[in-house]
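J.: Residue numbers (the working numbering): 426 to 790. Ideal Cβ placement from N, Cα and C applies to all residues, glycine included. Take a look at this one; I'll ask things after.
Below you can see the structure in the form of structure tokens.
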């Protein structure tokens, strides 16, 4: 086994999920994530945790959703019980086909997602962490040789997370103290309110209310969004290519949209429920170990020189106790490149210009 796989497992179990002896752990394993699952199982055994491994496949999901009549039982008891009794939920992505569910209808996806709201909320109440094992399908999607992609992935995953957390804390402080954020770039002039919200220093650990590995972003839950934004980073959503998405906001909601490619997918997402037309997240990428786009949201949204906005659900970690944020069955991230001709303002003060933060060398006020 490549020693980097064991290092990945150690970061996931020790730093990210903070697994302790006696923890009940559910580990969802993708078809080609076998090696990572073996390494994770070894670490969990050493820790004295209780492991239940499940199999997660896009092809299985496709077969089930296409065959079903669409009248899904709400929150099936056996599935709900699994997450209700878990302390930790680890998702090890690594499928054989990144577009395996491309031909599942939007209506079928919505029905399935809406029928599992309680299951989803319960899982999000565990110490959950999502990661991916570098696979050949992901390398192909990124237009990279497999060995090249492995190096790329581990450069993003095997970071000095404590040092990065200290650096990102400076941006978190600026957002926590701010009331309004304005993003200006090519095709974008968007204003969002953030007063009363708490930014998350997403340093790839549940100790930081962070649930992705790799991570490397600071995010918050905006509201009262006004203006327009263009997302110029290519993505695959629901198995379909999406290019140059433009959203127009008024009174906090999307009132107009178009896309060079994948416009129907954006429309399907917006029609999921009422909350899908509002933003649930403003995220600012700070992981400089990610140096190119790979058509994988787990990596691309953390890349330095990017800002992403998510339609749909807001994360509770950003909200004051007792306050509900935007609720939705979806949380769909869209990314814009801010490396050129752009600025990010907090309460009228520029905190990032052309991808460079005010606390970094090379910042131009």
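1. How about the stretch 540-550 and the stretch 606-623: do they share at least three Cβ pairs that are nearer than 8 Å?
2. To the nearest angstrom, how far is it from the Cα of residue 445 to the Cα of residue 467?
3. In chain order, which beta strand (DSSP E) runs of at least 3 residues are fully inside the stretch 437-497?
4. Between which two residues does the alpha helix (DSSP H) holding residue 503 run?
5. Give me, in chain order, the residues of the same chain whose beta-carbon lies closer than 8 Å to that of residue 744; leave out the 5 immediate sequence neighbours on both sides.
6. For the candidate residues 499, 505, 569, whose alpha-carbon lies nearest to that of residue 716?
7. Taking a contact to mean a Cβ-Cβ separation below 8 Å, would you say residue 547 touches residue 505 in this structure?
8. Where are the beta strand (DSSP E) runs, 3 residues long or more, that stay fully inside the stretch 652-722, in chain order?
9. Please report the distance separating the alpha-carbon of residue 766 from that of residue 610.
10. Take residue 654 as the anchor and find which of 733, 626, 502 has the nearest alpha-carbon.
11. If I follow the unbroken alpha helix (DSSP H) through residue 582, where does it start and stop?
12. Alpha carbons only, please: which of 683, 712, 662, 680 is nearest the one belonging to residue 757?
13. Classify residue 631 as helix, strand or coil using the three-state DSSP reduction.
14. Take residue 552 as the anchor and find which of 592, 772, 736, 443 has the nearest alpha-carbon.
15. Taking the runs of the alpha helix (DSSP H) that are 4 residues or longer, which of them lie wholly in the stretch 523-602?
16. DSSP state of residue 431, grouped into three classes?
17. Does the Cβ of residue 784 have 16 or more other Cβ atoms within 10 Å, making it buried, or fewer, making it exposed?
18. Considering just the uninterrupted stretch of the beta strand (DSSP E) at residue 614, what are its terminal residues?
19. Enumerate in chain order the residues of its own chain whose CB-to-CB distance from residue 678 is below 7 Å, with the five nearest sequence positions on each side excluded.
20. Within 10 angstroms of its Cβ, does residue 691 collect 16 or more other Cβ (buried), or is it exposed?
21. Nearest-angstrom Cα distance between residue 566 and residue 486?
22. So, at 6 Å on beta carbons, what are the nonlocal neighbours of residue 512 in its own chain, with the 5 sequence-adjacent residues on each side left out?
23. Going by C-alpha distance, which of 674, 475, 470, 697 is nearest residue 536?
24. Quick check on residue 724: does DSSP put it in helix, strand or coil?
25. Residue 742 by DSSP, collapsed to three states: which one?
26. Kindly list the residues whose CB is nearer than 7 Å to the CB of residue 681, restricted to its own chain and excluding five residues on each side of it in sequence; keep chain order.
27. In chain order, what residues of the same chain lie with their CB nearer than 6 Å to the CB of residue 509, ignoring the 5 residues before and after it?
28. Check for me: the beta strand (DSSP E) holding residue 737 runs from which residue to which?
29. Which value, in whole angstroms, describes the spacing of the CA atoms of residue 791 and residue 775?
30. Would residue 562 and residue 518 qualify as a contact pair, given that the criterion is a beta-carbon distance under 8 Å?
31. Can you tell me whether DSSP reads residue 518 as helix, strand or coil?
32. For the beta strand (DSSP E) that residue 606 lies in, which residues bound it at each end?
T.: Once the coordinates are examined:
1. Because the criterion of three Cβ pairs below 8 Å is not met, the stretch 540-550 and the stretch 606-623 do not touch.
2. 14 Å
3. 449-454, 475-480
4. 502-509
5. Answer for residue 744: 622, 623, 646, 750, listed in chain order.
6. 569
7. yes
8. 660-662, 665-675, 678-686, 704-710
9. 6 Å
10. Across the set 733, 626, 502, the C-alpha of 733 shows the shortest separation from the C-alpha of residue 654.
11. 571-582
12. 662
13. helix
14. 443
15. 531-539, 542-548, 561-566, 571-582, 586-601
16. helix
17. exposed
18. 613-618
19. 702, 703
20. Residue environment: residue 691 is assigned as buried (16 or more neighbouring CB atoms within 10 Å of its CB, all protein chains considered).
21. The alpha-carbon atoms of residue 566 and residue 486 are separated by roughly 20 Å.
22. Answer for residue 512: 448, 449, listed in chain order.
23. 697
24. Residue 724: helix per DSSP, three-state reduction.
25. helix
26. 673
27. When the five nearest sequence neighbours on each side are left out, the beta carbons in the same chain lying within less than 6 Å of the beta carbon of residue 509 are those of 547, in order along the chain.
28. 731-737
29. Because the chain is modelled from 426 through 790, residue 791 falls outside the range shown and cannot be assessed.
30. no
31. strand
32. 605-610
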